[in-house]
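Just below is one structure, and these are the notes that go with it.
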Amino acid sequence: MSEARGGEAAAGAFGRWLLQERELRGLPREEVVRLTKLGPGVIEALESGDPERMPPKAYVFGYLRTYAAAVGLDADDVVLRWQEVVGPEAPQGEAPVRRPLPGAALTVGTVVVLLALALLAYLLLDPPRERAPLKLERPRAVERAPYAPAPPGR
38 MSEARGGEAA
48 AGAFGRWLLQ
58 ERELRGLPRE
68 EVVRLTKLGP
78 GVIEALESGD
88 PERMPPKAYV
98 FGYLRTYAAA
108 VGLDADDVVL
118 RWQEVVGPEA
128 PQGEAPVRRP
138 LPGAALTVGT
148 VVVLLALALL
158 AYLLLDPPRE
168 RAPLKLERPR
178 AVERAPYAPA
188 PPGR
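The sequence shown begins at 38 in our numbering and counts up one residue at a time.
In structure tokens, the structure reads:
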């Protein structure tokens, strides 16, 4: 429990350090909000160092780099200081293996079989349609119009 409080105290000291650095440079919080395009709540959380108010871990490093650039601090130094406060990241385990749902193959198989049965029933049970026999006619001779020469002048 004292370890957690020590971490909170270190985080608070880190936040106070950020606040002091900003104030030393004469930058109002609103100016940092404008420069970073981060919300005022995010800036307040960073400057408080309160773990409960801090943004999600996935965003903290980016926010700290953006804050550092706006205030005129070395971004790498700020991130290193934050890493010292929070300690090393726990090693990430392997991503969980996605296993197919046990009934998925059975469901797909059932649907395929039902569709095949429906097609078979349609083909077997559909009465054949009577088709009208085709009448073949002999081609008629084409009558040609008598040839008349074109009138002169054309």
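We treat Cβ as the ideally placed atom computed from N, Cα and C, and that holds for glycine.
Computed from a predicted model, the values in this text were never measured in an experiment.
### Query
Where does residue 127 sit, in a helix, a strand or coil, going by DSSP?
Start at 1 with the first residue of the sequence shown, and residue 127 comes out as number 90. At residue 127, the pLDDT of 48 sits below 50, so the modelled position is not reliable; the number obtained from the coordinates is stated separately. Correct three-state label for residue 127: coil.
### Query
For residue 122, which residues of its own chain have a beta-carbon under 6 angstroms away from its beta-carbon, when the five flanking residues on both sides are left out?
Working through the sequence shown from its first residue, we reach residue 122 at position 85. Result list for residue 122: 47, 48, 51, in chain order.
### Query
Using CA coordinates, which residue listed in 73, 154, 93 is at the minimum distance from residue 162?
If you number the sequence shown from 1, residue 162 lands on position 125. When each option's Cα is compared against that of residue 162, the closest is 154.
### Query
Using DSSP with H/G/I as helix, E/B as strand and the rest coil, what is residue 143?
As a position in the sequence shown, residue 143 is number 106, starting the count at 1. Residue 143 carries a helical assignment under DSSP once its states are collapsed to helix, strand and coil.
#### Entry: Length of the line joining the Cα atoms of residue 71 and residue 133
As a working mapping, residue 71 is identified with position 34 in the sequence shown. As a working mapping, residue 133 is identified with position 96 in the sequence shown. CA-to-CA, the gap between residue 71 and residue 133 works out to about 41 angstroms.
### Task
Find the nearest neighbour of residue 85 within the set 102, 54, 112, judged by alpha-carbon distance.
For this step, residue 85 is matched to residue 48 along the sequence shown. Of the listed residues, the one whose Cα sits closest to residue 85 is 54.
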